[in-house]
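Let me begin by presenting the structure, written as structure tokens, before commenting on it.
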Amino acid sequence: MAAEHSVGFEPADRLAEDRESVRRRFWRKLKRVAAHLPFAEDLLAAYYCAFDRQTPRHVQAALLGAIAYFILPFDFVADVMPVLGFADDAAVLATAIRMVSGHITNEHRQAARAVLKRGVDEASAEAEA
10 MAAEHSVGFE PADRLAEDRE SVRRRFWRKL KRVAAHLPFA EDLLAAYYCA
60 FDRQTPRHVQ AALLGAIAYF ILPFDFVADV MPVLGFADDA AVLATAIRMV
110 SGHITNEHRQ AARAVLKRGV DEASAEAEA
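In terms of my numbering, the sequence shown opens at residue 10 and continues consecutively.
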């Protein structure tokens, strides 16, 4: 992946290169924390955009880096801290989305809403099958 489209946090950048690992680990973490994420819909839309075959590679790289940062077990602000825990994840995701916003389509957003409506547990089971 191109360095100019990375998160700039080496562990996340390395993880982003392994798309299948990102996919598996994303759903596991999302199941654990979805109820606490005010940006869950944006995160899911970014996920669907990152794994869409029509999305340009540089956009996939930026989004996968942000998603990889979200799923890492460590980051700059611990996720277990109330309110502030996901602030850094939200900032990284917001920056990536701002960079590539024209590529996140209505279809990606609709898929995100559908997952949230039917439940992350069910969607995660389908994704892991």
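Glycine included, each C-beta is placed from N, C-alpha and C at the ideal position.
| Asked | Found |
| --- | --- |
| Check the C-beta distance from Ile3 over to Ala59 and give it rounded, since I have them as a contact under 8 Å. | One cannot answer for residue 3 here, as it falls past the ends of the chain, which runs 10 to 138. |
| Taking Ala103 and Leu73 to be in contact with their CB atoms under 8 Å, please state how far apart those CB atoms are, rounded to whole angstroms. | At roughly 16 Å, the Cβ-Cβ gap does not stay under 8 Å, so Ala103 and Leu73 are not in contact. |
| Count Cβ pairs between the segment 61-69 and the segment 37-49 that sit closer than 8 Å; are there 3 or more? | no |
| Around the C-beta of Ala134, are 16 or more other C-beta atoms found within 10 angstroms, so that it is buried, or is it exposed? | exposed |
| Can you say whether Lys126 is buried or exposed, counting buried as having 16 or more other CB atoms within 10 angstroms of its CB? | exposed |
| Taking only runs of the alpha helix (DSSP H) that begin and end inside the segment 102-132, which ones reach a length of at least 4 residues, in chain order? | 115-127 |
| In whole angstroms, what is the alpha-carbon distance linking Glu131 and Arg107? | 29 Å |
| Under 8 Å Cβ to Cβ from Phe2, same chain only, skipping five residues before and after it: list those, please. | This structure gives no information on residue 2, because the portion of the chain shown stretches from 10 to 138. |
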